[in-house]
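If you count by the numbering used here, then the sequence shown holds residues 1128 to 1268, one letter each, in order. Don't be surprised by glycine CBs; every beta carbon is placed ideally from N, CA and C. One structure below.
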Amino acid sequence: MRTEYKHLLDIESESIHIIREVIAEFERPALLFSGGKDSAVLLHLAVKAVHPAYLPFPVVHIDTGHNFPEVLSFRDKMVKQLNIDLVVGSVEEAITTGRIPAPAEPDGSRNRLQTPVLLETINQGGFTAVFGGARRDEERS
């Protein structure tokens, strides 16, 4: 093994261990999947953790209604290719049904509106643990 990759392999190994531990300890885990690079890596690690079996829990996507079509296409491709269950929480539906208020500006950011929709989706799905991907070296906001 090349020395410069050892640190990455250690991080990967630790991540896979955590995923396996959560699968063993929690009745109904789920993995958050935005279609971005961090969640794509997390999905890859989860699939690797259970290989050759299929992922034993669903991925959860919170659709803001402002996603790039390519992101949704990538999400759908991964779900189909990996034979994964997909649970979608919709910010637009939550606004339309009055569960959350519409943003002040029609084209404004919906980032804050994702939180109540995420919590609602977690509760409705009965998820007992939820994986989210973030890099250790990234600023936490």
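Review point. Buried or exposed: which applies to I1145, given that a residue is buried once 16 or more other Cβ atoms fall within 10 Å of its Cβ?
Key: exposed
Check your understanding: Looking only at DSSP bridge pairs, what is L1245 linked to?
Key -> According to DSSP, L1245 bridges with nothing at all.
Practice item. Please name the residue in A1167, V1214, M1205 and L1172 whose C-alpha comes closest to that of D1190. Key: V1214
Review point. Does the pairing of the stretch 1221-1234 with the stretch 1198-1212 give three or more beta-carbon distances under 8 Å?
Key: No: fewer than three Cβ pairs fall under 8 Å.
Exercise for review: Give the secondary structure of I1211 by DSSP, where H, G and I count as helix, E and B as strand, and everything else as coil.
Suggested key: coil
Review point. Excluding sequence positions up to five away, which residues of its chain have a Cβ less than 7 Å from the Cβ of H1245?
Key: One point to set straight first is that residue 1245 is Leu, not His, in the sequence displayed. Only I1189 and G1216 meet the Cβ criterion.
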